[in-house]
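Using numbering that gives the first Met the number 0, read the sequence shown as starting at 0 and increasing by one per residue.
C-beta: ideal position from N, C-alpha, C; glycine also.
What follows is a single structure, written as structure tokens, with notes after it.
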Amino acid sequence: MLPIDLMARPLRIEYPGAIYHVTVRGNARQIIFRDDRDRYLLQARLAESVDTYGVRLFVFCLMDNHLHLVLETPRANLSRFMQSLLTGYTVVFNLRHRQPGHVTQGRFHARLVQGDEYLLKLTRYVHLNPVQKEPCASKPLGERIDLLRTYPWSSYLGYVVGSKRADWVVYEPMLALIGGRKKHQAERYRQFVETGLAEGDEEFQAVMRQSPRCIGDEAFREWVNEQHDALLSGRRRSDDVSFREVSGAPVKAEAVLEAVAKAAGLPVAELGRHTRNCLWKGIAARLLIKHAELTRRECAQLLGLTASSGVSYQMKKAEEAIASDAQLACEVNALEARLAAQARR
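Here it is as structure tokens:
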């Protein structure tokens, strides 16, 4: 049965690989970022929590009184991730501003997201937030585009300017969805987002209004409602493999490395050598985080890398290769299935 907190509302549907649009608002609609220092503190906390909980963060956007995140949870741990993020930020915010009490408004709001079309459009919606609210919304289009391109508190600049990328944000999956040759993807994404500002997307806005639980087509909404109803009534959906509770301890790191080395046709020791351009290092890191529940720092030690940023780099290179190589994608999927089976034993 899905893990839930019976004392909290709304119920959380959590499973490995789930993608969410998360929003957090200030308590009593008050601001949660009083100055840029607060924003830097939240970003630092976000980077740390992403690493600790193995979350794949695709998009973020910080506004004065709320924030948006679009993320994937390979470990089915959204609630723990958000609790750590928000509790940590509240502590430092209150200490810094010498105040007690809540900073954010009760529980965070999270909606499941259906890929790929809906996910890509959602990233545009989030990135356009800074220029869709007043006083920016009433400005001429050219000014709004200039403001969007210079807004420093979202992941948009990292998508369109390679030098602005943060190593704790995963850009490649969304750029792959935009299509085209890799060297043109950033420009294609910029055009996609900014065209949305000029023309709008009423169809997607209508989808956003359809359900407070998810973003997707009618079939996806029905499926999510079924899962929610099953949780509410305490029923076990034993026929749905993706929602079975994973029992037992995480897979041992040694077992993950052995499985990856076998698939790569390499000795295990090769994965731990100080070689920068080894595709299988990135694949190993991805699987160690997901199935062995290691942090990026722990992966760096095992894989002969000097820092967690090196792990992020290797993972990005691996994701690019998987996105462009169908045979490699099949091999990695088979590896994932074998490791998931080990975790359920």
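From the DSSP output, in three-state form, read off residue i for me.
i: L304; result: coil
i: R234; result: Residue confidence for R234 is low, a pLDDT of 43 falling below 50, so the modelled location carries little weight; the figure read from the coordinates is stated next. Coil, per DSSP.
i: R243; result: Residue placement at R243 cannot be trusted, given a pLDDT of 36 that sits under 50; the coordinates are not used to answer.
i: R55; result: strand
i: M0; result: Note that M0 has pLDDT 38, beneath the 50 cutoff, so the model's placement of it is unreliable and no number is given.
i: I18; result: strand
i: S83; result: helix
i: R148; result: helix
i: R24; result: strand
i: L77; result: helix
i: C277; result: coil
Between residue i and residue j, how many whole angstroms is the CB-CB distance? I'm expecting something under 8 Å.
i: P249; j: E292; result: 4 Å
i: L286; j: V310; result: The pair is not a contact, with the Cβ atoms about 12 Å apart (cut-off 8 Å).
i: Y170; j: Y158; result: 6 Å
i: F59; j: M173; result: Their Cβ separation, rounded to whole angstroms, is 12 Å, which puts F59 and M173 out of contact at 8 Å.
i: R33; j: Y52; result: Not confirmed; about 27 Å, so no contact.
i: G281; j: K316; result: 5 Å
Go to residue i, then tell me how far its beta strand (DSSP E) extends in each direction, as first and last residue.
i: A109; result: H108 to V112
i: I12; result: Unbroken run through I12: none, as it is neither H nor E.
Exposed or buried, residue i, counting other C-beta atoms within 10 Å across all chains shown (16 or more means buried)?
i: V240; result: A caution first: V240 carries a pLDDT of 37, below 50, which makes its placement in the model too unreliable to give a value.
i: R123; result: buried
i: Q113; result: buried
i: I12; result: buried
i: Y188; result: buried
i: C277; result: buried
i: V255; result: buried
i: R272; result: exposed
i: T72; result: buried
i: N76; result: buried
i: D37; result: buried
i: L231; result: exposed
i: S137; result: exposed
Just curious, the alpha helix (DSSP H) that residue i is in, first and last residue?
i: E71; result: Looking at the DSSP string, E71 is not in any alpha helix (DSSP H); the run it does join, the beta strand (DSSP E), is H65 to T72.
i: T294; result: T294 -> no alpha helix (DSSP H), and no H or E assigned at all.
i: F32; result: Looking at the DSSP string, F32 is not in any alpha helix (DSSP H), and its letter there is neither H nor E.
i: V206; result: E201 to Q209
i: Y124; result: E116 to H126
i: P134; result: It is not in any alpha helix (DSSP H) - P134 carries neither H nor E in the DSSP assignment.
i: V159; result: Y155 to V159
i: T103; result: Note, T103: premise wrong, no alpha helix (DSSP H); not H, not E.
i: Y188; result: K181 to E198
i: P172; result: E171 to I177
i: Y259; result: The amino acid occupying residue 259 in the given sequence is Val; Tyr does not appear at that position. Where V259 is concerned, the enclosing alpha helix (DSSP H) stretches over A252 to A263.
i: A268; result: V267 to L270
| task | Inspect the CB distances between the region 110-129 and the region 53-71 and report whether three or more fall short of 8 Å. | result | yes
query: So, do the region 181-189 and the region 72-89 have three or more beta carbon pairs nearer to each other than 8 Å?
result: Judged by Cβ distances under 8 Å, the region 181-189 makes no contact with the region 72-89, as fewer than three pairs qualify.
Counting pairs of Cβ atoms below 8 Å between the region 20-40 and the region 102-118, do you hit three or more? Between the region 20-40 and the region 102-118, the count of Cβ pairs shorter than 8 Å is three or higher; the stretches touch.
(message) With three or more C-beta pairs closer than 8 Å as the rule, is the region 190-201 touching the region 127-138?
(response) As far as the Cβ criterion goes, the region 127-138 touches the region 190-201, which means the pair count is three or higher.
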